[in-house]
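Below is one structure, written out as C-alpha cells; the observations come after it.
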Amino acid sequence: MQVSFNINGTPQRVEVEEHTPLLWVIRDILDLKGTKFGCGKAACGACTIHVDGEAVRSCSFPVQFAEGKNITTIEGLGTGDALHPVQQAWIEEVVPQCGYCQPGFMMATAAMLEKIPNPTDEDIDNNIVNVCRCATYYRMRKAIHRAAEIKSANL
Amino acid sequence: MKKANHYYLIAMLLLGVLVFGFAYPDGQGEGSTAAPAAEAPMPAAAAFDQMMAVLTHKRCVNCHPAGDRPHQGEDSHLHHFGVQRGETGHGLAALQCSTCHQETNNNISGVPGAPHWHLAPRSMAWEGLSRTEIAASMLDPARNGGRSLEEIVHHLTEDALVLWAFEPGVDDEGNPREKPPVSKADYIQAVKDWAAAGAQIPNE
Ligand code: FES
Ligand code: FES
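Protein chains in written order, with the working numbering: chain A, 45 to 199; chain B, 19 to 222.
Shown next, in the form of C-alpha cells:
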C-alpha cells in the first residue's frame, strides 16, 4: 500500500506492505539510521520515535497507521545549531557509553518532558522504562533533570 | 386406489406438521434444517455458563485488574516494565498503552492490539472475583459506568476490544495466545439469551 506522512518535517510517501514495522521503513527505506533496532518486540525502547508528539516504539507500529501523521526521529529532534534540551543535557552529563540505546531514551525523554515538564525521580522511573545494556541509568537520570531545567529556562 | 393413496399421504403430512410443529415451535426439532441451532434461545443457566466461561478467561481478566497494573500472558503475570493504568486507564502520561499497542495485533512483534486498547476502570475490577460476583458488578450501574442492560449487552457483544479475546494473535515467540473456551458466535448468543431471559445471576 501507499503511505504518506511527514517525517522530521519532510513529506514522504512509501510503497510498502501495510504490516511492515515503521522502524523498517525509517531505517531501510528512508535511510535514517539513528533509530535503533534492539529487540523487535516493544520491550527495549531502542526504536522509540514520536508519532504526533507521542512516544511510540516503531518496531511494533505497522506503517499503515503512519498515514497522515507527523513523525519525528532522533535526526529531527534538534539541529547542530539548535540542540533540543535533551540533546544539550545528554552532552553535558556525558550520558552514553556504547550509545546504542540512547536515541530511544532521548526520544522517550523528550516526549515525557512535553507532558511532565519537571519530572520527579518517580516520574522518570515510571515513564522511562527503556533498557540500557551499559546501565547508564544513573547519568541518564541526571540528564533528564538537567534537560527539564534547560527546557523551562528556554521558555 | 391411487386417489386414496394421495389423500393418505396428505393426511400423514398434515399430521406430521401438526405434531412436530407444536413439539418444536422454533423449527428446531430433530432433523430440522430450518434455522441454525445458535438462534434457539439457550436455557438461561447454560447461557450464563457460556458467557462467564469467557468473561472469567485471562484474555478478559488480565485487563480488568484489581490493582493499578495490567496483567499479561497465559500465567497472568503483572505487565512487565511496571506498566500502570494512569488516570484514564490508557497508561501514564509518557508511557501510554499506545506506546506499544496499536489498533491491530502485531504478529511481527507479538504485541497484541485492538481499537482503544486500555484497562477497564478500577470500578470494573474482576480479578479475584467469582463468576457471580463479576456478573453482579457488571449489572451494577455504580460499577459498570452507569450502563443499562442493553448497553452492557452492546459492550459485551460488539465492542472491538472485548471481541479481541477471540482473535488474540500470537505472542512474542510467535505462539498463538489461548482463546476463551467458547466460540465468539456462541458467546455472543449466550450473552443475548442470558439478558433476554432476565439477566439472572445464579445463587452459588
Ligand atoms: S526494538 Fe523496538 S522496543 Fe526494542
Ligand atoms: S549506552 Fe550502551 S546500551 Fe545504553
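Cβ coordinates follow ideal geometry from the N, Cα and C atoms, glycine included.
Ligand 2 heavy atom lying under 7 angstroms from the CB of B:Cys-78: If you check the C-beta of B:Cys-78 against ligand 2, you find no heavy atom less than 7 angstroms away.
Along the chain, where does the beta strand (DSSP E) containing B:Phe-66 start, and where does it finish? From DSSP, B:Phe-66 is part of no beta strand (DSSP E) but of the alpha helix (DSSP H) over 62-73.
Can you tell me whether A:Val-138 is buried or exposed? The criterion is at least 16 other CB atoms within 10 Å of its CB, across all chains shown. A:Val-138 is classed as exposed because its beta carbon has fewer than 16 other beta carbons within 10 Å across all chains shown.
Helix, strand or coil for B:Pro-130, going by three-state DSSP, please let me know. Coil at B:Pro-130, not helix or strand.
A:Met-151: which of A:Ser-102, A:Thr-64, A:Ile-73 sits nearest, CA to CA? Comparing alpha-carbon positions, the option among A:Ser-102, A:Thr-64, A:Ile-73 lying closest to A:Met-151 turns out to be A:Ser-102.
Expressed to the nearest angstrom, what Euclidean distance is found between the alpha-carbon atoms of B:Gly-146 and B:His-82? Taking the CA atoms as reference points, B:Gly-146 sits about 10 angstroms from B:His-82.
Below 7 angstroms, is the gap between the Cβ of A:Arg-185 and the nearest heavy atom of ligand 4? In the structure shown, ligand 4 is absent; the only ligands present are ligand 1 and ligand 2.
Under 9 angstroms, CB to CB, which of the residues in the stretch 134-164 of chain A have a partner in chain B? Result list: Ala-152, Thr-153, Ala-155, Met-156, Leu-157, Glu-158, Lys-159, Ile-160, Pro-163.
Residue-level contact to chain E via CB, A:Phe-49, 8 angstroms cutoff: Among the chains of the structure shown, chain E does not appear; the protein chains present are A and B.
Sufficient close CB pairs (3 or more, under 8 angstroms) joining the stretch 110-128 of chain A to the stretch 164-179 of chain A: These segments do not touch.
Shorter than 7 angstroms, the distance from the beta carbon of A:Tyr-182 to the closest heavy atom of ligand 2, or not? Closer than 7 angstroms to some heavy atom of ligand 2: that does not describe the Cβ of A:Tyr-182.
Under the assumption that A:Ala-191 contacts A:Thr-153 (Cβ atoms under 8 angstroms), give the Cβ distance between them as a whole number of angstroms. The pair is a contact, with the Cβ atoms about 6 angstroms apart (cut-off 8 angstroms).
Span of the alpha helix (DSSP H) holding B:Arg-149? Here the alpha helix (DSSP H) through B:Arg-149 covers 149-157.
For A:Pro-147, which of helix, strand or coil comes out of DSSP? When secondary structure is reduced to three states using DSSP, A:Pro-147 falls in the helix class.
Consult DSSP for B:Gly-146 and reduce its assignment to one of helix, strand or coil. Coil.
Is B:Val-188 close to chain A? Criterion is C-beta to C-beta, closer than 8 angstroms. Closer than 8 angstroms to the CB of B:Val-188 there is not a single CB belonging to chain A.
Measuring from each Cβ to the nearest heavy atom of ligand 2, keep the ones under 7 angstroms and list them in chain order. Every residue with a CB closer than 7 angstroms to a heavy atom of ligand 2 is listed here in chain order: A:Pro-140, A:Gln-141, A:Cys-142, A:Gly-143, A:Tyr-144, A:Cys-145, A:Gln-146, A:Cys-176, A:Arg-177, A:Cys-178, A:Thr-180.
If you reduce the DSSP assignment to three classes, tell me which class A:Pro-106 lands in. In the structure shown, A:Pro-106 sits in a strand (DSSP, three-state: E or B).
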